[in-house]
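Structure, as structure tokens:
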Amino acid sequence: GLFKPENNITRAEAAVIFAKLSGAAPDTVSGNISVSFTDVSEKHWATWAIKYVASEELFSGYTDGTFQPDKVITRAEFATVVAKYLKKNGMIEDKTYNTSTLKDIDGHWAKDNIKLLVGEGYIKGYPDDTFKPNASIKRAESVALINRALKRGPLNNAALDFVDVPVNHWAYRDIAEGVINHTYKIDENG
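Just add 58 to the spot in the sequence shown (first one is 1) and you have the working numbering.
Written as structure tokens, this is what we have:
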């Protein structure tokens with residue numbers, strides 16, 4: 059009965075999210091995918107998703123040949139995966155935005171992807187003009203970013219059964235959009 063909105067998510071959990079968003083499932087991913095990482099065994103619960111997202115070039119491993127599936131994913135890593143997903147699916151153009159006022163992304167390896175998502179209005183920084191790219195992303199933050207990037211929600215007038223997500227939680231409607239099975243249409247006002 060918990061959503062745990064303030065918990066971090068791991069790289070393996072994020073891999074499963076993006077594999078499923080791409081339409082993949084454990085029984086549809088080919089066993090012929092030759093991607094391998096030294097720290098991901100065939101018995102790992104997310105091996106199918108990790109192989110899939112790596113073969114689709116949404117995720118990459120580290121220079122030492124590892125994927126680090128149980129490591130929490132950073133805000134920069136998650137933003138980069140979202141940007142790659144949107145580009146790969148023709149949902150966003152690779153543009154350069156110079157409008158970001160975030161003072162802690164200059165020189166960061168993910169700066170261009172962060173600026174792209176900020177420029178498109180999918181993410182923003184904190185009130186102190188930081189993005190905290192190396193901080194772990196929270197479950198609530200990740201669902202809100204995915205919803206905005208996919209132009210979904212937030213879902214209004216929905217009831218959630220999670221005891222740890224009160225109606226006044228900042229991401230309540232985004233969490234509802236992400237977890238409640240429903241159909242939607244975009245009206246003439248967007």
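Idealized CB from N, CA, C, for every residue including glycine.
Per-residue burial, residue i [other beta carbons within 10 Å of its own, 16 or more giving buried]
i	result
D187	exposed
L60	exposed
G89	exposed
I244	exposed
Y230	buried
P127	buried
P84	exposed
V225	exposed
E71	buried
Under the three-state DSSP convention, the category residue i falls into
i	result
S92	coil
N66	strand
L225	Note that residue 225 is Val in the sequence shown, not Leu. Three-state result, V225: coil.
T132	strand
K153	coil
S194	strand
L144	helix
Y230	helix
L116	coil
A82	coil
V98	coil
N171	helix
T124	coil
G177	helix
F76	helix
Rounded straight-line distance, which links the Cα of residue j to that of residue i
i	j	result
T96	A104	14 angstroms
T138	S94	21 angstroms
R206	G165	26 angstroms
N215	T241	14 angstroms
N170	Y155	Asn is not the amino acid found at residue 170; the sequence shown has Asp there. Using only the alpha carbons, I get a separation of about 8 angstroms.
A77	E115	11 angstroms
D222	V140	26 angstroms
A107	N239	22 angstroms
V87	D152	28 angstroms
K101	E246	48 angstroms
G179	F136	16 angstroms
Y120	K142	17 angstroms
Nearest-angstrom beta carbon gap, residue j and residue i [assumed within contact, 8 angstroms]
i	j	result
A172	P185	Looking at the sequence shown, residue 172 is not Ala but Ile. Contact doesn't hold; Cβ gap of about 17 angstroms is too wide.
I131	S80	Incorrect: roughly 17 angstroms between the Cβ atoms, too far for contact.
V98	F125	5 angstroms
G183	L160	5 angstroms
F1	I163	Any question about residue 1 goes unanswered here, given that the chain covers just 59 to 248.
Residue i beta carbon near the ligand COA (any heavy atom closer than 7 angstroms)
i	result
K209	Summarising the ligand content, the structure contains no ligands, and the ligand COA is consequently not present.
For the region 226 to 242 and the region 195 to 206, state whether three or more C-beta atom pairs, one from each stretch, are separated by less than 8 angstroms. yes
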